[in-house]
Amino acid sequence: MANINVGCASWSYKGWVDSFYPKRLETTKYLKYYSKFFDIVEVNSTFYRLPSENTLETWLEQVHDSFKFSIKASQDITHKKGQYSLEDMIFGFLARIDILDPKVYSYLFQFPPFFEYSKKNLETLDLIRDNINTKKPVIFEFRDDSWFTEEVLSTIIEGKRFILCTTYLVGVEAYYTAKRHSYYIRMIGDHTISRFNRIKRQQDDMIKDLKEHIRILLPSPEIDDITVVYNNHFSGFAPWNVNNLKKRLNLPYREYNNQKSLMDFI
């Protein structure tokens, strides 16, 4: 049976104070506290800027042995905002993150909606594939449905080293490729929610669809891993979403501070 990882997109949110983090907990200890309850986190800050080596070393020191990071690639690479060649930007990105490599689960390349299926963009993907010098899984997330045919994806995704991200986001098809070794699923919402301290939006249809797909995928002997990441924007409070999914799938979970009282807000 496949291993299931469920975690949040980032951990540094003031809105989580008193709902997840204790009031007096120092911000520098947020990651250490987070890792007591969850075993994986998606790092979104790397999309905007590279962390310092000292920051990466601090992250390593704060988490337990089995904890994993999924690292989002720089927007300079995926959105072509950098001033250097794609090859140089990939090299520089991996060189900096190398400190964290022992605990890196995957690298996420989130492409913008205007990155549509085309010969030119296929060449960009080929460049990334040829220059991403890592043994860790590489996740490709597309925000345009023109990519979602097996004929197209079969030339890009083999489902073990290069993996398609299934994205639950209004306006984008939550596409699942067939018979892959690994699946990476992102539960994303729009940006109408700005305070992340409780559940503010029910997403029953999306959660039901996610659960049904996982139930179908789990028994397959071909599948090694299924990873699900919740963004705060999905419904307002990612830690609750993580444990709620674990409960629905009968997976072990760890209750955190105030979780029981949080139900009063729903």
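Under this note's numbering, read the sequence shown as residues 84 to 349, first letter to last. Glycine residues also receive a C-beta, built at the ideal position from the N, C-alpha and C atoms. In this text, all values refer to a predicted model and were calculated from it rather than measured experimentally.
Nearest neighbour of residue i, chosen from the options [CA to CA]
i, options, result
"CYS248", "PHE192, ASP209, ASN216 and HIS162", "PHE192"
"MET84", "GLU256, LEU300 and ASP227", "LEU300"
"TYR200", "TYR116, HIS162 and SER229", "SER229"
"LYS164", "GLY242, ARG132 and PHE231", "ARG132"
"LYS218", "LYS202, PRO185 and LEU208", "PRO185"
"ASP171", "ASP213, THR138, SER153 and GLU136", "ASP213"
"SER128", "LYS106, ILE290, LYS243 and SER153", "SER153"
"HIS162", "GLU125, LEU208 and LYS112", "LEU208"
Residue i - containing beta strand (DSSP E), residue span
i, result
"ILE87", "86 to 92"
"ILE123", "123 to 126"
"ASP308", "308 to 313"
"ILE268", "265 to 270"
"ILE154", "151 to 155"
Cβ separation of residue i and residue j, assumed to be a contact under 8 Å, to the nearest whole Å
i, j, result
"PHE103", "ASN327", "Actually they are not in contact, since the Cβ atoms of PHE103 and ASN327 sit about 14 Å apart, beyond 8 Å."
"ILE87", "LEU332", "7 Å"
"LEU210", "LEU169", "5 Å"
"THR110", "SER93", "That pair is no contact at about 13 Å."
"ILE83", "GLU140", "This structure cannot settle anything about residue 83, because the visible part of the chain is limited to 84 through 349."
"ILE246", "ASN314", "About 18 Å separates the two Cβ atoms, so there is no contact after all."
"LYS151", "ILE173", "Contact flag wrong, Cβ pair sits at about 21 Å."
"HIS264", "GLU305", "6 Å"
"PHE197", "GLU224", "Not really, about 14 Å apart at Cβ, beyond 8 Å."
"VAL146", "TYR190", "VAL146 to TYR190, Cβ: 18 Å. No contact."
"ASN216", "LEU177", "6 Å"
"VAL255", "ARG226", "6 Å"
"ALA261", "GLU233", "7 Å"
"ILE309", "TYR266", "5 Å"
"GLY90", "VAL325", "6 Å"
"LEU108", "TYR116", "6 Å"
Same chain only: Cβ atoms within 6 Å of residue i, ignoring 5 sequence neighbours per side
i, result
"ILE268", "THR249 and VAL311"
"PHE130", "LYS155 and GLN158"
"ARG57", "The question about residue 57 has no answer, for the chain in this structure spans 84 to 349."
Where the alpha helix (DSSP H) containing residue i begins and where it ends
i, result
"THR111", "Per DSSP, THR111 belongs to no alpha helix (DSSP H) and is neither H nor E."
"ILE246", "First-last for ILE246: 245 to 251, but that is the beta strand (DSSP E), not the alpha helix (DSSP H)."
"LYS291", "287 to 300"
"ARG337", "No alpha helix (DSSP H) holds ARG337; DSSP gives it neither H nor E."
"ALA321", "321 to 331"
"TRP142", "136 to 145"
"ASP159", "158 to 161"
"GLU234", "233 to 236"
Neighbourhood of residue i by C-beta distance below 7 Å, restricted to the same chain and skipping five residues each side
i, result
"GLN286", "PHE317 and SER318"
"HIS296", "TYR259"
"LEU114", "TRP94, TRP142, GLN145 and VAL146"
Other residues of its chain near residue i: CB distance less than 8 Å, five sequence neighbours each side excluded
i, result
"LYS343", "In this predicted model, LYS343 has a pLDDT of only 44, less than 50, meaning its place in the structure is not dependable enough to derive any value."
"PRO335", "LYS329"
"SER83", "As displayed, the chain neither begins before 84 nor continues past 349, which places residue 83 out of reach and without an answer."
(request) Ignoring anything shorter than 4 residues or poking outside the region 175 to 228, list the alpha helix (DSSP H) runs there in chain order. (result) Taking only runs of at least 4 residues, the alpha helix (DSSP H) segments lying wholly in the region 175 to 228 are 202 to 214.
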